[in-house]
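For the sequence shown, this note's numbering gives the first residue as 667, with consecutive numbering after it.
For every residue, glycine included, the Cβ atom is placed at its ideal position computed from N, Cα and C.
Computed from a prediction, not measured in an experiment: that's the story for all the values here.
Beneath this line is the structure, given in C-alpha coordinates, with notes to follow.
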Amino acid sequence: MPLIRCPICEKRFDQATTQAMPFCSERCRKIDLGRWLNEGYSVPVERIDDDEESEIAEGFGPRRAADDDDE
(Lines of atoms letter the chains of each structure in order from A and count residues from 1; the text may use other names and numbers.)
(Lines give C-alpha, C1' and ligand atoms only; values in the text may rest on other atoms or scores of the structure.)
Protein backbone atom coordinates (compact mmCIF):
# COMPACT_ATOMS: atom_id res chain seq x y z
CA MET A 1 0.00 0.00 0.00
CA PRO A 2 1.39 3.47 -0.84
CA LEU A 3 2.68 5.68 1.94
CA ILE A 4 0.92 8.94 2.71
CA ARG A 5 2.24 12.05 4.45
CA CYS A 6 0.95 13.27 7.82
CA PRO A 7 -0.28 16.90 7.49
CA ILE A 8 1.18 17.81 10.90
CA CYS A 9 4.65 16.24 11.15
CA GLU A 10 5.02 15.30 7.45
CA LYS A 11 6.12 11.78 8.40
CA ARG A 12 5.37 9.19 5.71
CA PHE A 13 3.28 6.26 6.96
CA ASP A 14 1.09 3.38 5.83
CA GLN A 15 -2.54 4.33 6.38
CA ALA A 16 -3.34 0.76 7.49
CA THR A 17 -1.13 1.23 10.57
CA THR A 18 -3.05 4.09 12.22
CA GLN A 19 -6.53 4.71 13.58
CA ALA A 20 -5.96 8.47 13.53
CA MET A 21 -6.33 9.02 9.78
CA PRO A 22 -5.34 11.28 8.09
CA PHE A 23 -2.69 11.69 10.79
CA CYS A 24 0.15 9.29 11.55
CA SER A 25 -0.63 9.16 15.27
CA GLU A 26 -3.03 10.19 17.99
CA ARG A 27 -0.49 12.85 19.00
CA CYS A 28 -0.66 14.56 15.57
CA ARG A 29 -4.46 14.31 15.59
CA LYS A 30 -4.56 16.12 18.95
CA ILE A 31 -2.12 18.79 17.76
CA ASP A 32 -4.43 19.49 14.80
CA LEU A 33 -7.50 19.63 17.06
CA GLY A 34 -5.68 22.04 19.37
CA ARG A 35 -4.87 24.32 16.45
CA TRP A 36 -8.56 24.45 15.49
CA LEU A 37 -9.69 25.07 19.07
CA ASN A 38 -7.10 27.81 19.62
CA GLU A 39 -8.08 29.43 16.30
CA GLY A 40 -4.76 28.60 14.69
CA TYR A 41 -6.77 27.72 11.59
CA SER A 42 -9.64 29.70 10.17
CA VAL A 43 -12.17 29.37 7.40
CA PRO A 44 -11.96 32.26 4.93
CA VAL A 45 -15.05 34.44 4.82
CA GLU A 46 -16.16 37.13 2.41
CA ARG A 47 -16.26 40.50 4.13
CA ILE A 48 -19.32 42.67 3.61
CA ASP A 49 -19.47 46.42 3.93
CA ASP A 50 -21.58 48.26 6.52
CA ASP A 51 -24.37 49.13 4.04
CA GLU A 52 -24.90 45.50 3.06
CA GLU A 53 -24.78 44.43 6.70
CA SER A 54 -27.54 46.87 7.69
CA GLU A 55 -29.69 45.80 4.71
CA ILE A 56 -29.32 42.16 5.66
CA ALA A 57 -30.21 42.92 9.29
CA GLU A 58 -33.36 44.71 8.09
CA GLY A 59 -34.30 41.85 5.79
CA PHE A 60 -33.53 43.73 2.58
CA GLY A 61 -30.47 41.75 1.52
CA PRO A 62 -29.57 40.95 -2.06
CA ARG A 63 -32.18 38.89 -3.91
CA ARG A 64 -31.36 35.32 -4.75
CA ALA A 65 -32.75 33.18 -7.57
CA ALA A 66 -34.66 31.11 -4.99
CA ASP A 67 -36.46 34.29 -3.82
CA ASP A 68 -37.95 34.75 -7.30
CA ASP A 69 -39.55 31.28 -7.20
CA ASP A 70 -41.77 32.22 -4.25
CA GLU A 71 -43.61 34.96 -6.13
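Across which residues does DSSP place residue 787 in a beta bridge pair?
Absent from the model: residue 787. The displayed extent of the chain is 667 to 737, so no value can be given.
Tell me the rounded alpha-carbon separation between residue 691 and residue 709.
25 Å
Buried or exposed: residue 675, going by 16 or more other Cβ atoms within 10 Å of its Cβ?
exposed
In chain order, what residues of the same chain lie with their CB nearer than 6 Å to the CB of residue 686, ignoring the 5 residues before and after it?
The residues are 692, 695.
Alpha helix (DSSP H) segment containing residue 695, residue limits:
That run of the alpha helix (DSSP H) goes 692-703.
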